[in-house]
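One structure below.
Residue numbers (my numbering): 2 to 719.
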């Protein structure tokens, strides 16, 4: 439920890629960048943008083959003389993180495959050693080392199985903590620190496959339901010279907490973050890698929950931001009510605030220590937008760097030295335009120039203040040829959980991607609203108001806003529909069941119907432990209110969903049947949370959605 992987995401992503060009990778010094182009790798200098071909496509043809390697991603060694090519990739849960790796020597043009004796497409997270002589990678949950000069492969861990996981993570760590790459080289190339995840005690969730053979079979996923202990973890350090593993002596119960971050502090110590089971206590740990002795240098507690680095670092929990010659590191906390940056001393004894003022950091961008600034994204006055800010490393109220006359949503891809950035600007109805800028003056260079957005296309932002005095941001799209003397149906699109906003001033964020046709032409008003609990830059109190109340407070906000909208003279109160996917499907069910007097039609896709059926990390973060407050879980589950259904409901689910299991819908169906409630249901065999696999699936889903909406909530003014 944290991530909504749906067709719309791919549409928006494609639009951004087309506008911004292919992904870029900066050089180590930040004065140039690399980019793939039709199978070749190019290098562009900054700021003059002179182009040089570094790797030609024809040079990536393996011996005995006629076609070049398809580059999924690539990385360089420290002196940028060799390239590590990732290709032939395969999915591990949601992301393509396993495949084949090849090393290309730029000077000699030698191309060599790594892991020749290992299964095809089994290598994960390959990384050059800092001295460039070796590559380490994971295969089948073991860590391997390969000497580039001799192609000698050394297996560093021997106990990896499907449930004893070295150097990467289990399902729930990946899904809810964004943890995937689970090992790190020391800077002297002598050691590798790595996570070991023991999922042997995690129960299997069995998904049945009825269609791929005459006799059905089950697929087992290790899935810790809420209330179940998480996988145990250990932190090991491998001596590369002799393959000896030294285990760190970590505090606390490793089956009742999480180890969410780890990086090398220096060649003798590693630094880690440990979160409590409820994720309301964070401890920073430092371990001596020779002795394993571990000290707690910093502790933070919260009455609700503490977000990990992935939540303010672009879904990437890696890295540790050191300043002042390694004497301090930067840390993000909401303990003063806002998401601010702090500087903590290496020993944890002193702490000072870098960002002051009543505004949130949205995401961290980089540190320009030479000039004494930290860069970050923020939007103090409009939570639907974002702009570049900077604050003095000595501590200051942030100052806006993005020019004042360019409103909308800005994104920046920063060079490591913070001197250059790829800058993009879009609005809810204007496609992204991009440029290169030099910082801190924000001067444009190159041929592309950011254009001021044209807010048009029939989309408008709205603010609704409810009877509870909660003001919600929203967008509205009115019907074509709108006549204010007529009454129109409203279709609400909802998510309304901590994982995502639906109302952002970003291109492609508004509208209905599932509808087969033109909703505006067919006479529908489209509205989406963000209430309390959504991750808007409105302060911690806004975001965390839903603690132990996800399914009550956030749902009430939506319903109370809908009541206000129903008072508008051009809204037909008898034609109010709502729909959503994943967490939005859950919200849809809640609204239809808890407020049947408002919502007459609902379409719930891949929805969690019983909060006791979802994974432990997500649910326990926002709801606590069911062993302690089970009544809250029941009160926050749609199934509890299913007996109140009055309107028309369509339930849609993939039976192969490893995230929100089909089990949810069967439990809901039983409750609806028990109470004599009629509804419609569509299951897609073996489809995942995307419901996109298989020939014709996306078109069928779109047609199903559209037909049901037109039949039960007719468009047009009356």
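No residue lacks a Cβ here, since even glycine has one placed at the ideal position from N, Cα and C.
All values reported here derive from a predicted model rather than from experimental measurement.
{"query": "What is the rounded straight-line gap between the Cα of residue 456 and the Cα of residue 97?", "result": "At residue 456, the pLDDT of 49 sits below 50, so the modelled position is not reliable; the number obtained from the coordinates is stated separately. Approximately 36 Å, taken between the alpha carbons."}
{"query": "Considering Cα atoms alone, identify which of 616, 64 and 581 is closest to residue 224.", "result": "616"}
{"query": "What is the C-beta distance between residue 558 and residue 533, in whole angstroms, given that I count them as a contact (C-beta under 8 Å)?", "result": "6 Å"}
{"query": "Our contact map puts residue 143 next to residue 121 with C-beta atoms below 8 Å; I'd like the distance itself, whole angstroms only.", "result": "Contact doesn't hold; Cβ gap of about 16 Å is too wide."}
{"query": "Give a yes or no on contact between the region 188-197 and the region 206-223, applying the rule of three or more CB pairs nearer than 8 Å.", "result": "no"}
{"query": "Measuring straight from C-alpha to C-alpha, what distance separates residue 703 and residue 515?", "result": "5 Å"}
{"query": "Quick check on residue 109: buried or exposed, where buried means 16 or more other Cβ atoms within 10 Å of its Cβ?", "result": "exposed"}
{"query": "State buried or exposed for residue 677, treating a residue as buried only when at least 16 other CB atoms are found within 10 Å of its CB.", "result": "exposed"}
{"query": "Beta-carbon separation of residue 577 and residue 563 under 8 Å?", "result": "yes"}
{"query": "Does the beta-carbon of residue 156 have 16 or more other beta-carbons within 10 angstroms, so that it is buried, or is it exposed?", "result": "exposed"}
{"query": "Do you know how far the Cα of residue 212 is from the Cα of residue 300?", "result": "51 Å"}
{"query": "Using a Cβ-Cβ cutoff of less than 6 Å, which residues in the same chain neighbour residue 124 once the five nearest sequence positions on both sides are dropped?", "result": "102, 116, 138 and 140"}
{"query": "Do the region 345-363 and the region 382-398 touch if we need at least three Cβ pairs shorter than 8 Å?", "result": "yes"}
{"query": "Distance check for residue 150 and residue 302, CA to CA, integer angstroms please.", "result": "49 Å"}
{"query": "Excluding sequence positions up to five away, which residues of its chain have a Cβ less than 6 Å from the Cβ of residue 4?", "result": "Its pLDDT being 45, under 50, residue 4 is placed unreliably in this model, and the coordinates cannot settle the point."}
{"query": "Which residue marks the beginning of the beta strand (DSSP E) containing residue 721, and which one marks its end?", "result": "The chain is shown only over 2 to 719; residue 721 falls outside these bounds and no answer can be derived."}
{"query": "Could you spell out where the alpha helix (DSSP H) holding residue 589 opens and where it closes?", "result": "584-595"}
{"query": "Count the other CB atoms, across all protein chains shown, that sit within 10 Å of the CB of residue 353; report buried if there are 16 or more and exposed otherwise.", "result": "exposed"}
{"query": "I believe residue 625 touches residue 608 by the beta-carbon criterion, under 8 Å. Please report the beta-carbon distance rounded to the nearest angstrom.", "result": "With a Cβ gap of about 21 Å, residue 625 and residue 608 do not count as contacting."}
{"query": "With residue 87 and residue 69 assumed to form a contact (beta carbons below 8 Å), what rounded beta-carbon distance in angstroms separates them?", "result": "In fact, because the Cβ distance is near 14 Å, the residues do not count as touching under 8 Å."}
{"query": "Please state the DSSP three-state secondary structure of residue 664.", "result": "helix"}
{"query": "Given a cut-off of 8 Å on the beta-carbon distance, is the pair residue 630 and residue 549 in contact?", "result": "yes"}
{"query": "Name the DSSP beta bridge partners of residue 609, please?", "result": "DSSP output for residue 609 lists no bridge partner at all."}
{"query": "Strictly by DSSP, which residues pair up with residue 146?", "result": "137 and 155"}
{"query": "Can you check the region 524-557 for any alpha helix (DSSP H) of at least 4 residues that lies completely inside it and give the ranges in chain order?", "result": "541-544"}
{"query": "How far does the alpha helix (DSSP H) with residue 306 in it reach, from first residue to last?", "result": "Taken as a continuous stretch (DSSP letters only), residue 306 belongs to no alpha helix (DSSP H), as it is neither H nor E."}
{"query": "Determine the direct distance from the alpha carbon of residue 285 to that of residue 255, and round the result to whole angstroms.", "result": "15 Å"}
{"query": "Give a yes or no on contact between the region 565-580 and the region 486-497, applying the rule of three or more CB pairs nearer than 8 Å.", "result": "yes"}
{"query": "By alpha-carbon positions, which one of 689, 451, 447 and 681 ends up nearest to residue 46?", "result": "447"}
{"query": "Tell me whether residue 520 sits in a helix, a strand or coil according to DSSP, three-state version.", "result": "coil"}
{"query": "Roughly how many whole angstroms lie between the Cα atoms of residue 695 and residue 706?", "result": "18 Å"}
{"query": "What residue ranges within the region 195-228 form continuous beta strand (DSSP E) runs of no fewer than 3 residues, ordered along the chain?", "result": "205-210 and 218-223"}
{"query": "Given residue 518, which residues of its chain have a CB within under 8 Å of its CB, disregarding the five upstream and five downstream residues?", "result": "707"}
{"query": "What I want to know is whether the C-beta of residue 571 ends up closer than 7 Å to one or more non-hydrogen atoms of the ligand PLP.", "result": "This structure lacks the ligand PLP, and indeed carries no ligand of any kind."}
{"query": "Are there 16 or more other CB atoms within 10 angstroms of the CB of residue 170, so buried, or fewer, so exposed?", "result": "buried"}
{"query": "Which residue comes first and which comes last in the beta strand (DSSP E) that contains residue 184?", "result": "184-186"}
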